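A.B. asks:
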Amino acid sequence: MKEYEYKVSAAGRINLIGEHIDYCGGKVMPAALSLKNTVYIRPNGTNKINLSWTTLPDKVTLDIDKLDSYKGLKYGNYQAGAALMWQRAGHKIVGCDMLQDCTVPFGSGLSSSAAIEVSTIAALATLAGEPLNKADIALKAQQAEREYAGVNCGIMDQYASACGKKESVMLLDCNTLQCEYLPLRLGDYSLVITNCNKPHSLIESKYNERREETDRALDMLQQRIEINFLADLSLSQFRTYGTVLPNVLKKRVEHIVTESERVRVATLALKAGNIEMLGGLLNKSHASLRDNYEVTGREPDALVAAAQAQSCCIGSRLIGGGFGGCTISLVKSNSIDEFKEFTYNNYLKATGYKAEFYNTEISDGIVISKL
Ligand code: GLA
697 MKEYEYKVSA
707 AGRINLIGEH
717 IDYCGGKVMP
727 AALSLKNTVY
737 IRPNGTNKIN
747 LSWTTLPDKV
757 TLDIDKLDSY
767 KGLKYGNYQA
777 GAALMWQRAG
787 HKIVGCDMLQ
797 DCTVPFGSGL
807 SSSAAIEVST
817 IAALATLAGE
827 PLNKADIALK
837 AQQAEREYAG
847 VNCGIMDQYA
857 SACGKKESVM
867 LLDCNTLQCE
877 YLPLRLGDYS
887 LVITNCNKPH
897 SLIESKYNER
907 REETDRALDM
917 LQQRIEINFL
927 ADLSLSQFRT
937 YGTVLPNVLK
947 KRVEHIVTES
957 ERVRVATLAL
967 KAGNIEMLGG
977 LLNKSHASLR
987 DNYEVTGREP
997 DALVAAAQAQ
1007 SCCIGSRLIG
1017 GGFGGCTISL
1027 VKSNSIDEFK
1037 EFTYNNYLKA
1047 TGYKAEFYNT
1057 EISDGIVISK
1067 L
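The sequence shown begins at 697 in our numbering and counts up by one.
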């Protein structure tokens, strides 16, 4: 890649706990992965962005003056959306060639789209000689996901992709964007990431539906009690005021309130090195995503059940937007091979799908090197 000027990457992510509460003003615990999107970039002296990929034969050219016209592209739409939001925020876009190399599996719930959006903006800013503000890049990337890709997401993925740190989970307050980095010390346990490999095409519409439900529930509750976000509601307030909500909305809010509480306890457990307690919270989180938030599905439930059936596994849950994608499991480090074998076989038997395991580490968010 010698002929390029910079190599700029941004990370995929997992989320230890705190699912579907980022857009409700809650705290979440994501971590950036060594699976990432890398952009090799050089100026080309035109007003075009030429995109190519290491893993695809496609080549796409984006006109810098017409960045709003590429929503329908199969490949290149995330880059166009990210560049457009950066441009709209007043930044200069330099004509360039970008070679994209993505190691985050698409549609896996590990945020390949955030990695693409964040790395694209970081690469454009680097080429223009701008100082980098990672949190600001995350916000513009989120805007691209919302306004260009049409997923009304929270800030967790883009923030983790930009600001993650090696060997740390982030305790991110999605309301204030204050972030505390906690060392991920798991003692005798390791995190295993498993893809259920079920295609999940409904994810976007269902995701937006959940967001609308939580917005409606917040409106109704605000007529009774002064809160700015659903995640501000305490368990006891939920017991008192939740009765005004229709049944479905009540279940959704129960997830938000209990998940926020689980994040609080998980923080204490992690700081105290109580990994068994953390595992129990992962199991409870999955049950709540399944029964109250209803974003899991047959295959993710079967994968989690296969994991949870083993004594070497102290916790397992679906991560990300839901309806497919990846689970994380806390597994005794000396039993990982047996864990994978049992999980693979039992999941295959239950669903007919082949689970896939990823070897990846907790890593940094945006990384830039001059070539
Ligand atoms: C997707 C969204 C995030 C977050 C998760 C669920 O990954 O992009 O903002 O809401 O789902 O926790």
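Backbone N, C-alpha and C define an ideal beta-carbon position, used for all residues, glycine too. It should be emphasised that the depicted structure is a prediction, and the values quoted were computed from it without experimental measurement.
(1) Would you say the region 800-816 touches the region 1038-1050, given that touching needs at least three Cβ pairs under 8 Å?
(2) In the DSSP assignment, what residue or residues form a beta bridge with residue 1013?
(3) For the region 877-893 against the region 747-767, do three or more pairs of beta-carbon atoms, one drawn from each stretch, fall closer than 8 Å, so that the two count as touching?
(4) Could you check which residue in 1060, 1054, 1067, 1064 has the C-alpha nearest to that of residue 805?
(5) Please tell me whether residue 723 and residue 949 are closer than 8 Å, where the distance is taken between their beta carbons.
(6) Examine the ligand GLA and report whether any of its heavy atoms sits within less than 7 Å of the Cβ of residue 1043.
(7) Compute the minimum distance between the beta carbon of residue 852 and the heavy atoms of the ligand GLA, and state whether it is under 7 Å.
(8) For residue 808, which residues from the same chain have a beta carbon less than 8 Å from its beta carbon, with the 5 sequence-adjacent residues on both sides left out?
(9) Three or more C-beta pairs closer than 8 Å, one from the region 763-771 and one from the region 1017-1031: is that the case here?
(10) Would the region 878-887 and the region 859-866 be scored as touching if the rule is three or more Cβ pairs under 8 Å?
(11) Determine, using beta-carbon pairs with one atom in the region 995-1012 and one in the region 965-977, whether at least three such pairs fall under 8 Å.
(12) Count the CB pairs spanning the region 776-789 and the region 821-833 that are closer than 8 Å, and state whether there are at least three.
(13) Between residue 701 and residue 981, is the Cβ-Cβ spacing less than 8 Å?
(14) Quick one: Cα of residue 756 to Cα of residue 857, how far?
(15) For residue 1043, name the three-state secondary structure that DSSP assigns.
(16) Check whether the region 981-993 and the region 737-744 are in contact - that is, three or more C-beta pairs closer than 8 Å.
(17) Pop quiz: residue 718 and residue 851 are said to be a contact at Cβ under 8 Å. What is the actual Cβ separation, rounded to whole angstroms?
(18) Between residue 795 and the rest of its own chain, which residues show a CB-CB distance below 6 Å, the 5 nearest in sequence each way excluded?
(19) What separation, rounded to the nearest whole angstrom, lies between the Cα atoms of residue 845 and residue 764?
(20) Check whether the Cβ of residue 807 lies closer than 7 Å to any heavy atom of the ligand GLA, and answer yes or no.
(21) Please return the same chain residues whose Cβ sits closer than 7 Å to the Cβ of residue 853, not counting the five positions on each side in sequence.
(22) Taking buried to mean at least 16 other C-beta atoms within 10 Å of its own C-beta, is residue 762 buried or exposed?
(23) For residue 869, report the span of its alpha helix (DSSP H) as first-last.
(24) Compute the Euclidean distance between the alpha carbons of residue 861 and residue 1059, then round it to the nearest angstrom.
(25) Spatial neighbours of residue 962 within its chain, please: CB distance less than 6 Å, with the 5 preceding and 5 following residues excluded, ordered by chain position.
(26) Give every residue of the same chain whose Cβ lies closer than 8 Å to the Cβ of residue 752, excluding the five residues on either side of it in the sequence, and list them in chain order.
(27) Which whole-angstrom value describes the C-beta separation of residue 910 and residue 926, a residue pair presumed to lie in contact below a C-beta threshold of 8 Å?
C.D. replies: Checking against the coordinates, here is how it stands:
(1) Verdict: no, contact absent.
(2) BP columns for residue 1013 point to 1024.
(3) no
(4) 1054
(5) Not closer than 8 Å, so no.
(6) Checking every heavy atom of the ligand GLA against the Cβ of residue 1043, none is found closer than 7 Å.
(7) yes
(8) 708, 733, 798, 800, 801, 802
(9) no
(10) Between the region 878-887 and the region 859-866, the count of C-beta pairs closer than 8 Å reaches three or more; the two stretches touch.
(11) With the cut-off at 8 Å, the region 995-1012 and the region 965-977 touch.
(12) Taking a cut-off of 8 Å for Cβ pairs, the region 776-789 and the region 821-833 touch, as three or more such pairs fall below it.
(13) no
(14) 24 Å
(15) helix
(16) no
(17) Between residue 718 and residue 851, the beta carbon gap of about 6 Å places them in contact (Cβ cut-off 8 Å).
(18) 736, 748
(19) 11 Å
(20) yes
(21) 709, 807, 810
(22) Result: exposed.
(23) Not the alpha helix (DSSP H): residue 869 falls in the beta strand (DSSP E), residues 864-869.
(24) When rounded, the distance between both Cα atoms is 6 Å.
(25) 713, 974, 977
(26) 771
(27) Here residue 910 really is in contact with residue 926; their C-beta atoms are around 6 Å apart, less than 8 Å.
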